[in-house]
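To start, the structure itself, in C-alpha cells.
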Amino acid sequence: MQPGISALCALTLLASTFAPFGALGAETRQDAHSNSGHVCRSEPWLEGAFQESRSLLQTGSVAKEDHARAKVANSPLLLQSFVRSIASKVHEDFRAYAAHRLGISPEDSGSLFLWFEAVLVIIIAVGLFAICWGYMSSATGELVRQGIHTYDRDLVGVDITVGAVDVQLGHGIVHLRDLVVNNPPGYNAHHLLTIRDMMIDIDTQHLAATCFDTSDLIVEKVRLLHVDIVSETRGFGWNMTSNVQEVLNFISTNEPEQVATVVEVAPSDGRGLSMHEIIVDGVVVTRQSHTMTNMGIPGVKIALPRIHFQDFAEEFGNKRLDEMIKLLVKRILYAVLHHVDRKAQSAMAGAQQYRRGRGKACC
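Written out as C-alpha cells, the structure reads:
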C-alpha cells in the first residue's frame, strides 16, 4: 500500500467519522463517505478503526442524552435538596443568633424555631391566598364584562358597554361603572341610557351554601346611581315611535311569555336568580324629538324622584339571569315613562290653570 493512499484514507475516515458532529455541511459528509468507501477498501485495519471510533462517539452521545434526561427527571429532588439545605442553614443561623444575642439554649431555640416556622408558613399561606383571591376577583370582573358584551344584543337588541367592573368576592359586591345602553339605529342621541354607578349586593352565605352555584343566586340589593335617559321620538302621527319604545318592543317580542304571566313560569324548584330591593336614584330624563334636534333645538330635561322596588322577587319570583335582566330593564323603563307622563300631565294641567287664571283676570 502506498503511503500517500494510506494517509488519504486516514484523512477521509477521520472526516467521515467527525463530520456528523462538527460544522461540516451535507456535501462534505457525502464526499467523505464516498471517498472512504472507494479508497479504503484495501485497508481493513482502517475500516475497523473507523467502525470502532464511530461506535464510541455514538455511545458517548447516547450517554450524554441519558444524563440530560436523568437531570431533568431528578430536578424535583434537586429542588427539594436545595430547599432543605437552605432551611438547615437558616436553622443553624437562628440557633446561633438565639444563643449569642438572646441567651437561649439550643434545646429552647429548637422549639422557638418551630414556632417561627409555623408563623412564617401562615404568613406565606395568607399572602398566597390574598394573591389568588385578588386574581379570582379580577377574573370574575372580566367574565362579567365579556358576558355583557356578548349577550347584550340578544337581551335588549342594542349594544351595551361597561367602563369598569369591580368585584369584591369577600363582601359579595359587584360594581359596574359607566354602563352605556346605546340607541337603536336612526336616532340622533348618543345613547339611550347611561348609569354612572351600579352596585349589586349578593347574598354570600347562600352562595357559599350552594357551593358557588351561579344558577341559584340571591341578590339582596341593586342600586343604580346617576341614571341619564334620553327619550327621543321620531315620525309623525300613527308612525311616531321612540328609542325607548323600540327597546321595549324588542324585549317583549323576544321573551317566551308576557310579563303578566311571568309568575306562572317561575322555576318550580325555587332555583334561579332572585332580586329583592332595587333602588334607582338620580334619574334625569331628556325628552327630545328627532325633527327638533335636526333643527338645533335641544330637548327638555326632567328630574325624576327615586324609583324603589321593595321586593322584586315577591312580585315576579325567581328567573334565569337573562329573563331577570330583560324584566328589570322593562320595569325600570316603564317606571321612567310613567313618571315622565305624570310630569307632563302635571305641567299641562298647570299651564291650563294658568291660562284660565289669566282669562279671569282680564275679564
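When you line the sequence shown up against mature numbering (1 follows the signal peptide of the UniProt record, and there is no 0), it's residues -25 to -1, 1 to 338, in that order. No residue lacks a Cβ here, since even glycine has one placed at the ideal position from N, Cα and C.
- prompt: Would the beta-carbon of residue 195 fall within 8 Å of that of residue 172?
  reply: The sequence position of residue 195 within the sequence shown is 220, counting from 1. The sequence position of residue 172 within the sequence shown is 197, counting from 1. Taking 8 Å as the cut-off, the Cβ atoms of residue 195 and residue 172 do not count as close.
message: What would DSSP say about residue 165, mapped onto helix, strand or coil?
response: Along the sequence shown, one-based indexing puts residue 165 at 190. Residue state, collapsed to three classes: coil.
- prompt: Where residue 126 and residue 328 are concerned, what is the direct C-alpha to C-alpha distance, given to the nearest angstrom?
  reply: Here residue 126 corresponds to residue number 151 of the sequence shown, with the count starting at 1. Here residue 328 corresponds to residue number 353 of the sequence shown, with the count starting at 1. Residue 126 and residue 328: Cα-Cα distance of roughly 49 Å.
message: Looking at the secondary structure, which residues open and close the beta strand (DSSP E) in which residue 144 lies?
response: Here residue 144 corresponds to residue number 169 of the sequence shown, with the count starting at 1. No beta strand (DSSP E) contains residue 144, which DSSP labels as neither H nor E.
- request: With DSSP as the reference, label residue 328 as helix, strand or coil.
  value: Position 353 of the sequence shown holds residue 328. Per DSSP, reduced to three states, the secondary structure at residue 328 is helical.
field: Cβ shell of residue 315 (< 8 Å), same chain only, five flanking positions each side left out
entry: Sequence index remark: in the sequence shown, residue 315 carries index 340 (1-based). Sequence-distant Cβ neighbours of residue 315 in its own chain, meaning closer than 8 Å and more than five residues away, are 206, 260, 262, 277 and 279.
- prompt: According to DSSP, is residue 185 helix, strand or coil?
  reply: Sequence index remark: in the sequence shown, residue 185 carries index 210 (1-based). The answer is coil: DSSP assigns residue 185 none of H, G, I, E or B.
task: Would you please state the rounded distance, in angstroms, between the beta carbons of residue 378 and residue 138? I believe it to be under 8 Å.
output: Examination of residue 378 is not possible in this model, given that the chain is present from -25 through 338 alone.
- prompt: How would you label residue 321, buried or exposed, when you count the other beta carbons within 10 angstroms and need 16 or more for buried?
  reply: The residue labelled residue 321 in the question sits at position 346 within the sequence shown. Flag for residue 321 reads exposed.
Cβ-based burial, residue 157 [other Cβ within 10 Å; buried from 16]: For this step, residue 157 is matched to residue 182 along the sequence shown. Counting Cβ neighbours within 10 Å, residue 157 comes out buried, since at least 16 surround it.
- request: Check whether the Cβ atoms of residue 249 and residue 192 lie closer than 8 Å to each other.
  value: For this step, residue 249 is matched to residue 274 along the sequence shown. For this step, residue 192 is matched to residue 217 along the sequence shown. The Cβ atoms of residue 249 and residue 192 lie closer than 8 Å to each other.
query: Would the beta-carbon of residue 167 fall within 8 Å of that of residue 204?
result: In the sequence shown, counting from the first residue as 1, residue 167 sits at position 192. In the sequence shown, counting from the first residue as 1, residue 204 sits at position 229. A contact, by the Cβ cut-off of 8 Å.
task: On the DSSP bridge assignment, give the partners of residue 155 in chain order.
output: Mapped onto the sequence shown, residue 155 falls at position 180. Per DSSP, 136 and 169.
query: Around the Cβ of residue 214, are there at least 16 other Cβ atoms within 10 angstroms (buried) or fewer (exposed)?
result: For the purposes of this step, residue 214 is taken as residue 239 along the sequence shown, with counting starting at 1. When all chains shown are included, residue 214 counts as exposed.
- prompt: Would residue 133 pass as a contact of residue 258 if the rule is Cβ separation under 8 Å?
  reply: The residue labelled residue 133 in the question sits at position 158 within the sequence shown. The residue labelled residue 258 in the question sits at position 283 within the sequence shown. It is not a contact, given that the beta carbons lie outside the stated cut-off.
Cβ shell of residue 233 (< 6 Å), same chain only, five flanking positions each side left out: As a working note, residue 233 is residue 258 in the sequence shown. Because the pLDDT of residue 233 is 43, which lies under 50, any placement of that residue in the model is unreliable, and the number read from its coordinates should be weighed accordingly. If the five residues before and after residue 233 are omitted, its C-beta is found closer than 6 Å to no C-beta atom of its own chain.
- prompt: How long is the line joining the alpha carbons of residue 305 and residue 116, rounded to whole angstroms?
  reply: As a position in the sequence shown, residue 305 is number 330, starting the count at 1. As a position in the sequence shown, residue 116 is number 141, starting the count at 1. Going from the Cα of residue 305 to the Cα of residue 116 covers about 25 Å.
Own chain partners of residue 318 with C-beta closer than 6 Å, once the 5 adjacent residues on each side are dropped: As a first step, residue 318 must be located in the sequence shown, where it is residue number 343. Closer than 6 Å at the Cβ level, and outside the excluded window around residue 318, lie 277.
field: Sequence ranges, alpha helix (DSSP H) only - wholly within the segment 175 to 228, length at least 4
entry: Within the segment 175 to 228, complete alpha helix (DSSP H) segments of at least 4 residues are found at 179 to 184 and 218 to 228, given in chain order.
Sequence-distant residues of the same chain with beta carbon closer than 7 Å to residue 200, five excluded per side: Counting from one through the sequence shown, the residue named residue 200 turns up at place 225. 171, 172, 256 and 257, listed in sequence order.
First through last residue of the alpha helix (DSSP H) which encompasses residue 267: Residue mapping note: residue 267 aligns to position 292 of the sequence shown, counting from 1. Per DSSP, residue 267 belongs to the alpha helix (DSSP H) from 265 to 269.
- request: Return yes when the Cβ of residue 281 is within less than 8 Å of the Cβ of residue 254, no when it is not.
  value: Numbered from 1 along the sequence shown, position 279 holds the residue referred to as residue 254. Numbered from 1 along the sequence shown, position 306 holds the residue referred to as residue 281. Annotated as proximal: residue 254 and residue 281, with beta-carbon spacing under 8 Å.
field: Rounded C-alpha distance that separates residue 150 from residue 216
entry: Along the sequence shown, one-based indexing puts residue 150 at 175. Along the sequence shown, one-based indexing puts residue 216 at 241. For residue 150 and residue 216, the distance between alpha carbons rounds to 33 Å.
field: Classification of residue 339 by the beta-carbon crowding that lies within 10 angstroms, buried from 16 upward
entry: The first residue shown for the chain is -25 and the last is 338, placing residue 339 beyond what the model contains.
message: Quick check on residue 99: does DSSP put it in helix, strand or coil?
response: Along the sequence shown, read from residue 1 onward, the residue named residue 99 stands at position 124. Helix, per DSSP.
- request: Please classify residue 274: does DSSP put it in a helix, a strand, or coil?
  value: Along the sequence shown, read from residue 1 onward, the residue named residue 274 stands at position 299. Looking at residue 274 - three-state DSSP - the assignment turns out to be coil, as it is neither helix nor strand.
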